[in-house]
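When we follow the UniProt record's numbering, the leftmost residue of the sequence shown carries the number 1, and every step to the right adds one.
Think of the CB as a built atom: it goes at the ideal place given N, C-alpha and C, for glycine as much as any other residue.
Only one structure is covered here, and it is reproduced in the block below.
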Amino acid sequence: MKGYHTKWTVPDDHRESFEYIEAGTRIAVGQAVYDWRTVLGISQAELAARAGTTQTVISRLEGGAVTPTLPLLHRLASALADAQ
1 MKGYHTKWTV PDDHRESFEY IEAGTRIAVG QAVYDWRTVL GISQAELAAR AGTTQTVISR
61 LEGGAVTPTL PLLHRLASAL ADAQ
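What follows is the structure in structure tokens.
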């Protein structure tokens with residue numbers, strides 16, 4: 001039996017919407033943070049402490065639930081670079 005969701009397709013007009021593009025960007029940023037954090041072998045809590053935020057913010061960011069601000073992105077970049 002095939003799964004219920006196996007034939008889902010995204011209509012082209014949805015792919016062009018601002019919300020769809022923004023969601024894809026949030027997910028890509030979250031995945032990038034997760035990938036670097038795990039390569040460096042640090043926990044969400046450790047990254048949060050280094051970046052001056054909370055573990056909850058890191059978790060939500062990695063899950064694509066929030067759009068990070070530029071100051072947060074700068075702090076995360078510095079924290080990840082310092083962890084190398």
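First and last residue of the uninterrupted alpha helix (DSSP H) at residue i
i	result
T25	F18 to L40
Q55	Q55 to E62
A49	Q44 to A51
A65	Premise fails: A65 is in no alpha helix (DSSP H) and is neither H nor E.
P71	L70 to D82
Alpha-carbon to alpha-carbon, residue j and residue i
i	j	result
E22	V33	17 Å
T53	G24	23 Å
R37	S43	7 Å
Short Cβ contact (8 Å threshold) for residue i with residue j
i	j	result
A51	R26	no
G64	G41	no
P68	L61	yes
Anticipated Cβ contact below 8 Å, residue i with residue j, distance rounded
i	j	result
A48	V57	7 Å
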